[in-house]
Amino acid sequence: MATEPLDLTPEQRAAEDRTFRRGAALAVGVVLVAGIVLGFVVLPVVQGASVGLDAWSAICRAIGVQPGTPIARQPSSEAAATPVSQVSWGPATLGALRNGNVARGAQLSRVCDACHGAQGLSSDPQFPNMSGQTAYAIYKQLHDFRSGARKNYLMSIVATYRSDQSIADLAVYYASRQALQHGSIEDPVAANLAVRGDPARSIAACNACHLGNPGAPVETPNLIGQHKEYLLNQLQAFAHDTRHNDVYARMRTISTALTSDEMERLAAYYAATPRP
Amino acid sequence: MASSHQEILRTELRWGAVMGVLVAGILGLIIYAALALHISPPSNVERIDPKTLQLSDEFTEQNLGTQVSGDGRVTARIVATQYAFLPPCVAVPLNRPITLRFASPDVIHGLLIAGTNVNTMVVPGYVSQVHATFTQPGETPMPCHEFCGLGHSAMLGRVQVLPADQFKPDAQGRVACAKH
Ligand SMILES: [Cu+2]
């Protein structure tokens, strides 16, 4: 097959490039101007007219400098905030945790040893293990015990009168410690809920949040290696609304959808699962 | 396949024109839908701090759900969060205008109620507001349609469209879904 040479003289090439450049610039310009005219003028003015909006405010709203909605008055809400937890993850909280003092936390933790164990690993399964828990989770729970958002006759007393900084120090101290190594159990029902969830019942996979995923809620605690009895107690407490400090009912909604058999299996599954 | 320089140029231009026509056609459809069918993104512009959403007055947990105000207007406030809507089931009246207000404390969510004009993204930092009138009684799903994380596939809310005799506000004007 004969091949024609594609080479052009430099002059021919330059001339062709010029035509192309002009054409492309013209096309981009036309699209840009048409987009601005359509998006900021034609569509808002025509649509605004149908809800009785004058042309100028329609254009201002399209550009984004005039807030609100033209169709109806903004509904007002007389509600006052009654948050289920006072904790928010703003710079103040995150800063306190970043500046948390592990050595001071270790000192403060002497009081906790009686119940949570000298290594942060307790022998009585009613007392949760602390070591290996995330600093965010410990901070949030201590804050909630202090504010009364979460209640327990022992912990509520322990948490009163603690400063934000002490809470942060305790949190970073326990988070810096190693958790126990655990064995594993085979339970397809629990493993399925943990890994896949059950979309038909609107149950998201537990691991979508509880495996330390960066996308999950900041305060999500680690469940792996926790006492089975403690995990089961908490699931039941969420389901019966005796614990309700989970923001936007994330755990209350999920635990209500679980059967008591599933709660039992999931508690055993996480208690025995080795850390990844 | 031998092609002269001119031929290559012509082919490029021809395909360029085809793409141009396709893009123009799709844009034309969007413009037609916006002007003739009034289908366009929700136009409310309102900011709200996502970090402190649960501490806010309006989107505090207690205030979520459907409420009939003194002047008879119906508003539903819904939080889209990983990985559920709160309330999980929204009660709405049949054949009566309602304002739906959504907010997110974490990531971008979206939602859609099939057969209605309700279809919006819920972007953290903004209140998404939609006005709707539901004309089909019964229960419809309200799935999240923006990938929001590993639990996204389980993020499925419900909407119960209740006829007037079942849409009964309590003393605070609140209406919840009927239990099955
Ligand atoms: Cu979502």
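Line order of the protein sequences matches chains X and H. Using the working numbering, the final residue of the first sequence is 277, and nothing's skipped along the way. Using the working numbering, the final residue of the second sequence is 186, and nothing's skipped along the way. C-beta atoms are modelled at their ideal positions from N, C-alpha and C, and glycine is treated no differently. Note that the coordinates shown come from a computational prediction; the quantities given were computed from them, not determined experimentally.
query = W90 (chain X) touches chain H at which residues, Cβ-Cβ below 9 Å?
reply = Within chain H, the residues near W90 (chain X) are K57.
Notebook entry, point to check: Regarding A86 (chain H) and ligand 2, is the C-beta to nearest heavy atom distance less than 7 Å?
Noted result: With respect to small molecules bound, the structure shown includes ligand 1 and not ligand 2.
Is Y270 (chain X) near ligand 1, judged by its Cβ being under 7 Å from some heavy atom? Distance from the C-beta of Y270 (chain X) to the nearest heavy atom of ligand 1 is not below 7 Å.
Worksheet item: Apart from the five residues on each side of it in sequence, which residues of its chain come closer than 6 Å, Cβ to Cβ, to A180 (chain X)?
Response: These residues qualify, in order along the chain: S132, G133 and G226.
For L1 (chain X), which residues of its own chain have a beta-carbon under 7 Å away from its beta-carbon, when the five flanking residues on both sides are left out?
Nothing in the structure corresponds to residue 1 (chain X), since chain X is present only between 2 and 277.
- Item | Among H:T66, H:I114 and H:A138, nearest to A250 (chain X) - alpha-carbon criterion | Taking only the C-alpha atoms, the option nearest A250 (chain X) is H:T66.
* the stretch 58-71 of chain H: which residues have C-beta closer than 7 Å to a C-beta of chain X, in chain order? -> Listed by position, the residues of the stretch 58-71 of chain H near chain X (Cβ gap below 7 Å) are T58, Q60, L61, S62, D63, E64, T66, E67, Q68 and N69.
Practice item. Using the Cα positions of E17 (chain X) and L9 (chain X), report the straight-line distance between them to the nearest angstrom. Key: Whole-angstrom Cα-Cα distance: 10 Å.
Coil, strand or helix - G78 (chain H) by DSSP: Residue state, collapsed to three classes: coil.
If you measure between the beta carbons of L100 (chain H) and V167 (chain H), is that distance less than 8 Å? Yes, Cβ-Cβ distance for L100 (chain H) and V167 (chain H) is below 8 Å.
**Message:** By the three-class DSSP mapping on this structure, what secondary structure does G26 (chain H) have?
**Reply:** Helix.
Hey, does P111 (chain H) have any beta-carbon neighbour from chain X nearer than 8 Å?
Answer yes: the Cβ-Cβ gap between P111 (chain H) and chain X drops below 8 Å somewhere.
Requested in this report: Using a Cβ-Cβ cut-off of 8 Å, state whether A160 (chain H) counts as contacting chain X.
Outcome: Judged by the 8 Å Cβ criterion, A160 (chain H) is in contact with chain X.
Check: Which stretch, first to last residue, makes up the beta strand (DSSP E) that contains N102 (chain X)?
Finding: From DSSP, N102 (chain X) is part of no beta strand (DSSP E); its letter is neither H nor E.
Going by C-alpha distance, which of X:S203, X:C61, X:A169 and X:H144 is nearest L109 (chain X)? Comparing C-alpha distances from L109 (chain X) to each of X:S203, X:C61, X:A169 and X:H144 shows the shortest one belongs to X:A169.
**Inter-residue Cα distance where the pair is W21 (chain H) and V31 (chain X)** = So the alpha carbons of these two residues sit roughly 19 Å apart.
field: Buried or exposed by the 16-neighbour rule on C-beta atoms within 10 Å, applied to A3 (chain X)
entry: The predicted position of A3 (chain X) is uncertain, since its pLDDT is 45 and thus under 50; no value can be drawn from it.
ask   = Which one of X:A28, X:A192 and X:E220 has the shortest CA to CA distance from G26 (chain H)?
value = Considering only X:A28, X:A192 and X:E220, the residue with the shortest C-alpha distance to G26 (chain H) is X:A28.
Who pairs with V181 (chain H) in a beta bridge, going by DSSP? Under DSSP, the beta-bridge partners assigned to V181 (chain H) are H:T72.
Cβ closer than 7 Å: which chain A residues qualify as neighbours of Y89 (chain H)?
Looking for chain A here will not work: the only protein chains present are X and H.
### Task
Determine the direct distance from the alpha carbon of Q237 (chain X) to that of V173 (chain H), and round the result to whole angstroms.
Note on residue identity: the sequence assigns Phe, not Val, to residue 173 (chain H). Their Cα atoms are separated by approximately 32 Å.
Review point. Are the C-beta of L92 (chain H) and some C-beta of chain X separated by less than 8 Å?
Key: With respect to chain X, the C-beta atom of L92 (chain H) has a partner C-beta closer than 8 Å.
Check your understanding: How do the stretch 100-114 of chain X and the stretch 61-68 of chain X stand: do at least 3 beta-carbon pairs fall below 8 Å, yes or no?
Key -> In short, these stretches do not touch, since the Cβ pair count stays below three.
### Task
Following the continuous alpha helix (DSSP H) through E293 (chain X), name the residue where it begins and the one where it ends.
This structure cannot speak to residue 293 (chain X), because chain X is shown only from 2 to 277.
- Task: Pair every Cβ in the stretch 81-93 of chain H with every Cβ in the stretch 102-121 of chain H, then say whether three or more of these pairs are closer than 8 Å.
- Result: Yes: the two stretches touch, three or more of their Cβ pairs being nearer than 8 Å.
- Task: Tell me, to the nearest whole angstrom, how far the beta carbon of R253 (chain X) is from that of D262 (chain X); I am working on the premise that it is less than 8 Å.
- Result: 19 Å between Cβ atoms; not a contact.
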